[in-house]
Every structure is written in C-alpha cells, then in structure tokens.
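Read the structure below first, then the notes.
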Amino acid sequence: MIAAENIVLDAHKKMDYRAIPRAIFTDPEVGTVGLTEAEVEAEGISCRCQTLDLSFVPKAAAIRDTRGVVNMVIKRDNHKILGVHLVAGRGADIIHEAALAVKLGLTIEDLIDTIHIYPTMSEALRMTAQMFFKDVGRLSCCAE
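Residue numbers (my numbering): 124 to 267.
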C-alpha cells in the first residue's frame, strides 16, 4: 500500500517495520512488536524493562489461565515505549494496542492514563506500564 501511494501520489512514505506486530499461535500465544532489550542496547539507547507475570492480571485469574508474561521495553529518558513482547492467552489480540503505542511513539504514562475495561486481558499492558512506578501486587483494582 505504501509503495502504491508513493508511486501514484508521490507521497514519500516509509515503512516502519518496528511497528508491525507479530504473533505465534501456540498455547498460550506469543505476541511481539518493536525492539527487544538486546536490540535497544545494541543501538546504544539507554532503556528500562519490566516484566509482568499474568498472575497479577484479574482477568487471567478469573479465567484460570495465568500462564505467561508481558515484557515492556522503554527509553530511559522519555519513557517512550520501544517494544512489547508477551506470552499470554489471546496474546495475538492483546499485541495490537502495543503496536499502536510503538507506532505513535506513546509513553508508559500514555498507557497508564488510558482507561481499560475491567476485567480484560489487555489490562496487562497498562499494568506492565504501572510497574515502572509501583508494585502492581498491591493495586486494589481497576481504579489505580
């Protein structure tokens, strides 16, 4: 599509391959978008990472499937989300929000400030972002 726009409309658009989500349909599913910690460090970028165990996600507990984790990689100085990698039930569905975050250059504060329906598996992204500031094991519910 981008190539066609560039030819027909002389648009000069470029493909951002880092924002393309990928999934592996195992059980649980794997979803990934953006850079890993190793890739960020190889580019000389200072980063921080957090990994959320799905046992902290209320929906995962409710459906009795807490297998998996969410890993988030952010740029240290401005908290921009550089990558999200997860293993979770419905992981291929969850990764789309992370793909938008990477594509649009969102920060963890942007994710934290976004209201998520409670309880849903996609809350795992918000909770992973919250881990950079607080212990999610002590959160009372969806209101935090």
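All C-beta atoms in this analysis are idealised placements derived from N, C-alpha and C, irrespective of residue type, glycine included.
Is residue i helix, strand or coil by DSSP?
i      : result
Met269 : Because residue 269 is not part of the residues shown, which for the chain are 124 to 267, the question remains open.
Val180 : coil
Thr251 : helix
Looking at the strands, I want to know which residues DSSP matches up with residue i.
i      : result
Gly157 : Gly206
Ile197 : Arg171, Ile204
Ile217 : Bridge partners of Ile217: none, in fact.
Ala146 : Gly154
Less than 6 Å between C-beta atoms, sequence neighbours within five positions excluded: which residues of the same chain meet that for residue i?
i      : result
Asp188 : Gly212
According to the neighbour-count rule (16 or more other Cβ atoms, all chains shown, within 10 Å of its Cβ), is residue i buried or exposed?
i      : result
Val131 : exposed
Glu245 : The displayed chain sequence assigns Ser, not Glu, to residue 245. Classification for Ser245: buried.
Met195 : buried
His208 : buried
Glu166 : exposed
Lys137 : exposed
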